[in-house]
Amino acid sequence: MKPGRPGSADSPRINNQIRATSLRVIDDQGSNLGVIELEQALALARERGLDLIEIAPTANPPVAKIMDYGKFLYVEEKKRKKGTKTARSEIKEVRIGINTSPHDLELKAKRAIAFLEEGHRIKVELMLRGRAKYLDEQFIRGRVERLLTQISTPFIISEELRKGPRGRHLVIERSSAKKKAAPRPTTNNHAHAGENKQIVSETPEAHRTQEGTAA
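What follows is the structure, encoded as structure tokens:
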């Protein structure tokens, strides 16, 4: 919860708002001063030009810290933002298949964009079943590229394409830099690159038929 102004329901008690008669006090250097009376703790805070902030009111005895209240709010806000970022930066999954339709790819790309905008990492998984697991690696990579090229939010590939129990997967995350291009198949020459492009647009069955004919 974000700390509010002194005296509000969501903020800690400070100085004369503190009701406990004695507290365990931590000074501005982080030293534990032990359990002392409230008036003595207030006097110590005043001597240093700081505030007495009750940071653990339910402890027995309550715990207070001597520090500037403005600095306290700043530190707490940084902790809150860091915690929020950590909570939000989880791995989401977007799954596609060999024959996922262009319309479904567009929807999945939009979902991936939303995840990236929220700060999540994304595991892009290409599901391979049966004989599809033994397709040419360049063809498989091309299937993944079909999705990556539709993601407009800048991203980097934090984990390259690799084999998994259900097919192939890679991990992407948002980047403030220019978007890294989706991985392209390794080709020996331009003719082979054109050949690969034609294969990518075909079904797995047609791909295997073409390979048999070529042989």
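Per my numbering, the sequence shown starts with residue 881, numbered consecutively. A virtual CB, placed ideally from N, CA and C, is assigned to each residue, including glycine.
Does the beta-carbon of L1027 have 16 or more other beta-carbons within 10 angstroms, so that it is buried, or is it exposed?
buried
Residues that DSSP places opposite F1035 in a beta bridge
R1054
Is it buried or exposed, G1010, if we count other Cβ atoms within 10 angstroms and call 16 or more buried?
exposed
Over the uninterrupted beta strand (DSSP E) stretch that includes L1008, give me the two end residues.
Looking at the DSSP string, L1008 is not in any beta strand (DSSP E), and its letter there is neither H nor E.
Are there three or more Cβ pairs, one per stretch, closer than 8 Å when the segment 944 to 954 is compared with the segment 974 to 986?
no
If you compare alpha carbons, which of N895, T938, G910 and L953 is closest to A923?
N895
Backbone secondary structure at Y954 - three-state DSSP:
helix
Quick one: using the 10 Å Cβ neighbour count with 16 as the cut-off for buried, is V1004 buried or exposed?
buried
Measuring straight from C-alpha to C-alpha, what distance separates A900 and R928?
21 Å
Measuring CB to CB, does A939 end up less than 7 Å from L932?
no
Throw me the rounded Cβ distance for the P941 and R991 pair, which I believe falls under 8 Å.
The pair is not a contact, with the Cβ atoms about 51 Å apart (cut-off 8 Å).
Would you say I1052 and I978 are within 7 Å of each other, going by their C-beta atoms?
no
Close beta carbons around K958, own chain, < 8 Å, minus the five adjacent residues each side:
none
Tell me the residue span of the beta strand (DSSP E) that contains R904.
S902 to I906
What number of angstroms, rounded off, separates the C-alpha of L1041 from the C-alpha of R960?
34 Å
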